[in-house]
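In what follows, a single structure is set out as structure tokens and then discussed.
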Amino acid sequence: MADTVSWPLLRELAGFRAEKGCATTLYLNLDPSQVPTAGDAQTRMNALLNTAEKTDRKDLTHEQRGALKADFERIARWFDNEFERDGAQGMAVFTAGLDNFWTTIALPEPVPDRFKVGRDFFLAPLVPVVARADGTIVAVVGREQGHLYRLQAGRLREIGDHFEEQPGRHDQGGWSQARYQRHIEKLVQEHLKDVAEVLDRSRRRLQVPKIVLVGSEEMRSEFMDELSADVREAVVGWAHAEAHAGPAQLLEAVMPVLVRAEAKDEAEVLARWREEAGRKGRAASGWEPTLEAASDGRVELLLFEEGVDHPA
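Structure, rendered in structure tokens:
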């Protein structure tokens, strides 16, 4: 079974260095719009492995070349016999047979097909995947609903369920229509207040920077009125989803909100960097100045362009 991408796993991979053989990294794109069937995925994997096997390895010893061939064969066997797509839009494999290392990761978003062989693993494609809105709370709010989820490793995991069934028409009894309606609205308001308090406690406990709310238009202003100032500040937007949507459907609904929030954050960070660089303040650019700042422990935030490959 493949792992899911996370910061601890990324740190483990970053700390690995092959001592006896080679560290092989392979990324496979499983975007359903480009790779709709199992046969399409198999074709892409075969092509990727064929290219990898034909690459010149004259710098390796005989033992290392044999181990590398065995690593490619193990990847092929795993893909043929053990791989389960299960909604993954990308796949990463990290292996170093002579150093007894093997792990596979299912990715929640597509990555370009790529392989790389070296002394350490190629991790750049994983950074935006694990960083993208990780830890965000998604709260589904309704007159009865109060489900809380946390975005971790590209999946929504439930962290709280505050469901309260409200009385229906058959419960009216001898109450007048107006009085009964006021009673229901009071119960709904109490429910929303309870959900808001649970959300506030969860935000503080998990130290969450972003919150996305899911609910109907009519719920929005009413629920926002119940939120604390800190929670309101953390809310990056609202989304709409079907009443009984599961975690996968909810994630699909909130992703546009998260993408917009991420773009806004990136624009603000770039503006801050340009301002600092323009007045020769606390900003660096280029490979050597950035490495020097990193080695001195002076990096608060690292910006990089996807696709750039520079030897260390």
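In our numbering, each residue's number is its place in the sequence shown (first place is 1) plus 317. The C-beta atom is built at its ideal place from N, Cα and C for all residues, glycine as well.
Inset, instruction - Please determine, among E426, G435, V529, the residue with the shortest C-alpha to C-alpha distance to V446. - result: Here the closest residue by C-alpha is E426.
Inset, instruction - Provide the residue(s) that pair with A358 in DSSP beta bridges, ordered along the chain. - result: A358 pairs with nothing; no bridge assigned.
Inset, instruction - Could you spell out where the beta strand (DSSP E) holding D547 opens and where it closes? - result: First-last for D547: 546-551, but that is the alpha helix (DSSP H), not the beta strand (DSSP E).
Inset, instruction - Compute the distance between the beta-carbons of M362 and L345, then report whether it is under 7 Å. - result: A distance below 7 Å separates the beta carbons of M362 and L345.
Inset, instruction - Kindly list the residues whose CB is nearer than 8 Å to the CB of H487, restricted to its own chain and excluding five residues on each side of it in sequence; keep chain order. - result: Note that H487 has pLDDT 49, beneath the 50 cutoff, so the model's placement of it is unreliable and no number is given.
Inset, instruction - Indicate whether A556 and A578 have their beta-carbon atoms separated by less than 7 Å. - result: Using a Cβ distance threshold of 7 Å, A556 and A578 do not count as a contacting pair.
Inset, instruction - Compute the Euclidean distance between the alpha carbons of A560 and D478, then round it to the nearest angstrom. - result: So the alpha carbons of these two residues sit roughly 15 Å apart.
Inset, instruction - With DSSP collapsed to three states, give me the class of G598. - result: The DSSP-derived three-state label of G598 is coil.
Inset, instruction - Output the boundary residues of the alpha helix (DSSP H) element that contains D397. - result: Residues 379-398.
Inset, instruction - Please determine if the stretch 427-444 and the stretch 527-539 are in contact, where contact requires at least 3 C-beta pairs separated by less than 8 Å. - result: In short, these stretches do not touch, since the Cβ pair count stays below three.
Inset, instruction - Within the same chain, show all residues whose beta-carbon is closer than 8 Å to that of G459, passing over the 5 residues directly before and after it, in chain order. - result: Within its own chain, the residues whose Cβ lies closer than 8 Å to the Cβ of G459, once the five positions on either side in sequence are excluded, are G532, S533, M536, A560, listed in chain order.
Inset, instruction - Mind reading off the beta-carbon distance from Q469 to D451? Whole number of angstroms is fine, and I expect it under 8 Å. - result: Right, the Cβ-Cβ distance comes to about 6 Å (below 8 Å), so this counts as a contact.
Inset, instruction - Could you say which of N367, P606, A565, D582 lies nearest to R467 if we only look at CA atoms? - result: Ranked by how close their Cα comes to the Cα of R467, the residues N367, P606, A565, D582 have A565 in first place.
Inset, instruction - With distances taken Cα to Cα, identify the nearest neighbour of E329 among V352, F411, A369, P573. - result: Ranked by Cα distance from E329, the options V352, F411, A369, P573 are led by F411.
Legend entry - Span separating the alpha-carbon of T378 from that of D613: The straight-line gap from Cα to Cα measures roughly 37 Å.
Legend entry - Test item: CB-CB of A413 and A335 under 7 Å: Cβ atoms of A413 and A335: closer than 7 Å.
Inset, instruction - Please go through the same chain and pick out, in chain order, the residues whose beta-carbon is closer than 6 Å to the beta-carbon of E543, but skip the five residues on each side of it. - result: For E543, where only same-chain residues beyond five positions count, the Cβ hits under 6 Å are L509, K510, A513.
Legend entry - Range covered by the beta strand (DSSP E) that runs through R270: Any property of residue 270 remains undetermined from this structure, which presents the chain solely from 318 to 629.
Inset, instruction - Check whether the Cβ atoms of D517 and V548 lie closer than 7 Å to each other. - result: Contact annotation: D517 and V548 have beta-carbon atoms nearer than 7 Å.
Inset, instruction - Drop a sphere of 10 angstroms on the beta-carbon of G471, count the other beta-carbons inside from all chains shown, and report buried for 16 or more, exposed for fewer. - result: With 16 or more other Cβ atoms within 10 Å, it is buried.
Inset, instruction - Please check the pair V574 and G595, which I expect to be a contact at CB under 8 Å, by giving their CB distance rounded to whole angstroms. - result: 32 Å between Cβ atoms; not a contact.
Legend entry - Reference W419; option with closest CA among R431, A405, A562, A387: In terms of Cα proximity to W419, the closest of R431, A405, A562, A387 is A387.
Legend entry - 6 Å Cβ shell around I528 - same chain, five flanking residues per side excluded: Cβ within range, chain order: I454, A551, V552.
Legend entry - Neighbourhood of V616 by C-beta, 6 Å cutoff - its chain only, sequence neighbours within 5 removed: Answer for V616: A610, listed in chain order.
Inset, instruction - Could you pull out every residue in the same chain whose Cβ sits closer than 8 Å to the Cβ of R520, ignoring the five residues on either side in sequence? - result: Within the same chain, Cβ atoms closer than 8 Å to the Cβ of R520 are found at I454, I528, D547, V548, A551, the five residues on either side in sequence being excluded.
Legend entry - Collapsed DSSP secondary structure at K433 in the structure displayed: Three-state result, K433: strand.
Legend entry - Reduced DSSP secondary structure (H/G/I, E/B, other) of D320: For D320, the three-state secondary structure derived from DSSP is strand.
Legend entry - A611 - containing alpha helix (DSSP H), residue span: First-last of the alpha helix (DSSP H) with A611: 604-612.
Inset, instruction - Quick one: using the 10 Å Cβ neighbour count with 16 as the cut-off for buried, is T360 buried or exposed? - result: When all chains shown are included, T360 counts as exposed.
Legend entry - Own chain, CB closer than 7 Å to D416, minus 5 neighbours either side, in chain order: So the qualifying residues of the chain are A335, E336, K337, G338.
Legend entry - T321 to V505 span [Cα, whole Å]: Between the C-alpha atoms of T321 and V505 there is a straight-line separation of about 38 Å.
Inset, instruction - Taking only the alpha-carbon atoms, compute the straight-line gap between S323 and A340 and give it to the nearest angstrom. - result: Between S323 and A340, the C-alpha separation is close to 20 Å.
Inset, instruction - Can you tell me which of the three DSSP states V571 falls into? - result: Assigned with DSSP and collapsed to three states, V571 falls in helix.
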